[in-house]
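Scroll down for the structure; my scribbles are underneath it.
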Amino acid sequence: EAQVTQNPRYLITVTGKKLTVTCSQNMNHEYMSWYRQDPGLGLRQIYYSMNVEVTDKGDVPEGYKVSRKEKRNFPLILESPSPNQTSLYFCASSSRGTVMSPLHFGNGTRLTVT
Amino acid sequence: GQNIDQPTEMTATEGAIVQINCTYQTSGFNGLFWYQQHAGEAPTFLSYNVLDGLEEKGRFSSFLSRSKGYSYLLLKELQMKDSASYLCAVSLYNQGGKLIFGQGTELSVKP
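Sequences listed follow chains A and B, in order.
Residue numbers for the first sequence follow our numbering, beginning at 6 and rising by one.
Residue numbers for the second sequence follow our numbering, beginning at 2 and rising by one.
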């Protein structure tokens, strides 16, 4: 089944404790992206990757890191999480960027930082 | 700056027609997407417009006017399962990776 898989689905952590949210897609998509979703603010893009070893900042990249060493994986790293990073996170992929190509979203990761 | 506006909430009756508007002011435009998101779930793709005019897909249609920076999503023969949030998103010209979302319109369908 074609899908984007994120793990974990739920995560509660404390301020400053490094964490990684994994994202993997099995559709051979070139483009992958991370979003956070907060009430009243909608989906905001954190980072995106047009292909392996190519990553770019979205609108809210501060406090996050990503890497794209392989086509299928695009992990999101929070080196020192803070409470303002408490949010619902979505990973997404598409075959050709955001031009004419719809995004396929993972099921989301709900992160709470205390 | 980039700005996308949608109404926050709408209510409609089962069997009726509802139109959800989206206006955008962005630095460049490559196309406009509509996504549906049920509570607690991931967004799913509904439609894509790049040229002016109406795109029809069953009960759902989407319209675009590039000169006016305006789009709408039209849902016909509303069903209870259409209760969801509807997200408008703009793909930016010359920035193949950037997609800007509006805050979404929460649609409630009542019997």
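Ideal Cβ placement from N, Cα and C applies to all residues, glycine included.
Just so you know, these numbers come straight off a predicted model, no measurement behind them.
Comparing alpha-carbon positions, which option in the options lies nearest residue i?
i: A/H34; options: A/N89, A/G113, A/V118 and A/A97; result: A/A97
i: B/D6; options: B/G29, B/I101, B/G59 and B/Q38; result: B/I101
i: B/P112; options: B/C89, B/V91, B/S92 and B/D83; result: B/D83
i: A/T25; options: A/E75, A/E84 and A/N112; result: A/E84
i: A/K23; options: A/D43, A/R73, A/T10 and A/G68; result: A/G68
i: B/M68; options: B/C89, B/R60 and B/L52; result: Per the sequence shown, the amino acid found at residue 68 of chain B is Ser instead of Met. The shortest C-alpha separation from B/S68 is found at B/L52.
i: B/L47; options: A/V65, A/T91, A/M105 and A/E75; result: A/M105
i: B/M11; options: B/A85, B/S92 and B/Y94; result: B/A85
i: A/N12; options: A/S87, A/N31, A/R73 and A/P80; result: A/P80
i: A/G45; options: B/Q104, B/V110, B/S109 and B/L108; result: B/Q104
i: A/K76; options: A/S54, A/P107 and A/G63; result: A/S54
Take residue i and list the residues in its own chain whose beta-carbon comes closer than 6 Å to its own, dropping the five residues that flank it on each side.
i: A/N78; result: S29
i: A/Y40; result: L48, Q50 and F95
i: A/N56; result: E35
i: A/K70; result: I82
i: B/S18; result: The displayed chain sequence assigns Ile, not Ser, to residue 18 of chain B. So the list reads K77, once near-sequence residues are dropped.
i: A/G21; result: S85
i: B/N50; result: L33, E56, S63 and L65
i: A/A7; result: M32
Apart from the five residues on each side of it in sequence, which residues of its chain come closer than 7 Å, Cβ to Cβ, to residue i?
i: B/G16; result: E78 and L79
i: A/S92; result: R41, Q42, D43 and L116
i: B/S66; result: D53
Give the DSSP bridge partners of residue i, in chain order.
i: A/R41; result: A/R49 and A/Y94
i: B/Q26; result: B/N4
i: A/Q11; result: A/C28
i: B/L100; result: B/S92
i: B/S109; result: B/T12
i: A/S99; result: A/Y36
Using a Cβ-Cβ cut-off of 8 Å (strictly less than) and excluding sequence neighbours within five positions of residue i, which residues of its own chain qualify?
i: A/F5; result: Absent from the structure is residue 5 of chain A, since the part of chain A shown begins at 6 and ends at 119.
i: B/P8; result: I21, N22 and T106
i: B/K58; result: L47 and S48
Is the segment 8-21 of chain A close to the segment 69-76 of chain B, with three or more CB pairs under 8 Å? No: fewer than three Cβ pairs fall under 8 Å.
Can we say the segment 18-25 of chain B touches the segment 38-52 of chain B, given the rule of at least three CB pairs closer than 8 Å? Verdict: no, contact absent.
Enumerate, from N- to C-terminal direction, the unbroken alpha helix (DSSP H) stretches of 4 or more residues contained entirely within the segment 39-88 of chain B. Taking only runs of at least 4 residues, no alpha helix (DSSP H) segment lies wholly in the segment 39-88 of chain B.
Ignoring anything shorter than 3 residues, give me the beta strand (DSSP E) runs that lie fully in the segment 54-94 of chain A, in order along the chain. Here the runs fully enclosed are 59-62 and 81-83.
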